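Heads up: the structure comes next, in C-alpha cells.
Numbering (our numbering), first residue to last: 2 to 372.
As C-alpha cells, then:
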C-alpha cells in the first residue's frame, strides 16, 4: 500500500508540473481558444484580397468591374450549398478536427490556384481558385463553431464567440492595411500580372499558418478528449470480458471463455431470427421495443452482478490499484490454492476445511521442529 501511495504521489507531482497541458485543467482550453481564433484567420485575410488590390488588379489584369466583382460571386456560389453540406460532413463522417484540417487545406489550395491564375493572367483559373477557396472557407467557419461548442459552455461560450467574431474583423482589417504595401514592395522586381500573382501567393502564407493552427488544434483536441471520456457502447464489452479472470480459476479460463462465446453466438442466431419475424409482422416500432426489452434484461443482469459482488465483498467493484493491493496481500499470506481462489471469487470457505488446513499446518510445524 505504501508503494501505491508513493506511485500516486509521483503521478500527482508530474501532473502538477504539467498543468498547462493538463486535459482536465483550465489552461488547455484557453490555449485552444487562441488557435480557434486563428483557425479561419487566413481565410478571412485572403477573402478580401481583391478589395485591397482593386485598382491595381483591374489595371494589371486589364479586367472590367463586372469581371472583378465576379471573383466574389465565384466565392459565394458554392456556399449556397456547401455551408450546410460541410456541417453534415463534420457531424456524420469527418469529425471536427479532421474536418477543420481538410477545409483549411482546401482554402490553401484555392488561394494558391487564385494566385497562379493571376500570375499568368488566366481569369478562368482565378475564378476556379475563388470557387475552391469558397468551398473551404465557410465550412471552416462551421468547424470553428463546432470546436467552440465542444470546448466551452455558458458565459465562456458567449465570450469566445464574440472574440472569434472580432478576430475575423481584425483579419480583414490587417488585409486592407498590408496587402497593398506588399504589392508596392515588389515594384523593383516584377510588374504587371506577375506582380499581382506573387502578391496573392504571399498572402497564401496566412492560409498555411491557419492550416498549422488546425493541426495543433487537432492534437490539443485529442488530448482534451482523453481527459474527458465520453460514453462509448464498446466500454460494456471491454469491461465485461475481463471479469471472468476474477471469477474463474486460472486453469478453467479456457472453458469459461468458450462457454461465453457459445452463449453469445446462440444469442446472435436467435436474435437475428426474431428480428426478421418481428420486422415482417409488426414493423420497426415493435422491433425497437424488442431491442429496448433486451437492453433492460442486460441492465438487470449487470445490476444483479453488482449487488451480488458487493454483498460478497468481491473484487469486481474495486479500482485496479485496490484490487492489486488485495491480491498482493493474499499472496504474502501464502494461502493454499483453494483459499486463494475462494478469496478472489468471494466464495466463503468451509469451516471444516479451514480447521483441517490449520491442523495440517500445525503438524508440519511440529515435525520440522523435532527434526
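The beta-carbon is built from N, C-alpha and C at its ideal position, and this holds for glycine as well. Remember, it's a predicted structure, so these values are computed and weren't measured experimentally.
The Cβ atoms of residue 68 and residue 215 lie no closer than 7 Å to each other.
If you check the CB distance, residue 98 and residue 281 do not come in under 7 Å. Straight across, the Cα-Cα distance linking residue 90 with residue 30 is about 25 Å. Excluding the 5 residues flanking it on each side, residue 128 has same chain C-beta neighbours closer than 6 Å at 75, in chain order. The segment 184 to 195 makes contact with the segment 118 to 125; the number of CB pairs closer than 8 Å reaches 3 or more.
Closest in alpha carbon position to residue 180, among 199, 165, 166, is 199. Contact holds between the segment 158 to 173 and the segment 42 to 57, because three or more Cβ pairs, one in each stretch, are under 8 Å apart. Remark: three or more beta-carbon pairs, one from each stretch, lie closer than 8 Å, so the segment 81 to 88 and the segment 129 to 141 are flagged as touching. In the three-state scheme derived from DSSP, where H, G and I count as helix and E and B as strand, residue 64 is classed as coil.
Judged by DSSP in its simplified three-state form, residue 116 adopts helix. Taken through DSSP and simplified to helix, strand or coil, residue 78 comes out as coil. Using a Cβ distance threshold of 7 Å, residue 316 and residue 210 do not count as a contacting pair.
When the five nearest sequence neighbours on each side are left out, the beta carbons in the same chain lying within less than 6 Å of the beta carbon of residue 165 are those of 38, in order along the chain. Minimum Cα-Cα distance from residue 207 among the listed residues 113, 314, 34 corresponds to 113. Per DSSP, reduced to three states, the secondary structure at residue 41 is coil, with no helix or strand assignment. Under the three-state reduction of DSSP output, residue 138 falls in the helix class. Around the beta carbon of residue 152, 16 or more other beta carbons lie within 10 angstroms, which makes this residue buried.
Cα atoms of residue 226 and residue 34: separation of roughly 15 Å, rounded to the nearest angstrom. Distance between residue 219 and residue 163, taken at the CA atoms: about 22 Å. Residue 173: member of the alpha helix (DSSP H) spanning 156 to 186, first to last residue. Put simply, of 115, 70, 108, 87 the residue whose alpha carbon is nearest the alpha carbon of residue 212 is 108.
For residue 310, the enclosing alpha helix (DSSP H) stretches over residues 285 to 313.
Residue 110 sits away from residue 124, with the two beta carbons spaced by 7 Å or more. When secondary structure is reduced to three states using DSSP, residue 316 falls in the coil class, being assigned neither helix nor strand. When only Cα atoms are considered, residue 284 and residue 266 end up about 25 Å apart. Sorting 73, 276, 145, 299 by C-alpha distance to the C-alpha of residue 36 places 145 at the top. Residue burial is scored here from C-beta neighbours: residue 323 has fewer than 16 other C-beta atoms within 10 angstroms and is therefore classed as exposed.
Residue 61 counts as buried, since at least 16 other C-beta atoms from the protein chains shown sit within 10 angstroms of its C-beta.
Between residue 274 and residue 291, the C-beta gap is not smaller than 7 Å, which leaves the two residues out of contact.
Non-local beta-carbon contacts of residue 319 in its own chain, meaning distances under 8 Å to residues more than five positions away in sequence, involve 327 in chain order. With a cutoff of 7 Å on beta-carbon distance, residue 96 and residue 202 are scored as not near each other. One Cα belongs to residue 92, the other to residue 150, and the distance between them is close to 13 Å.
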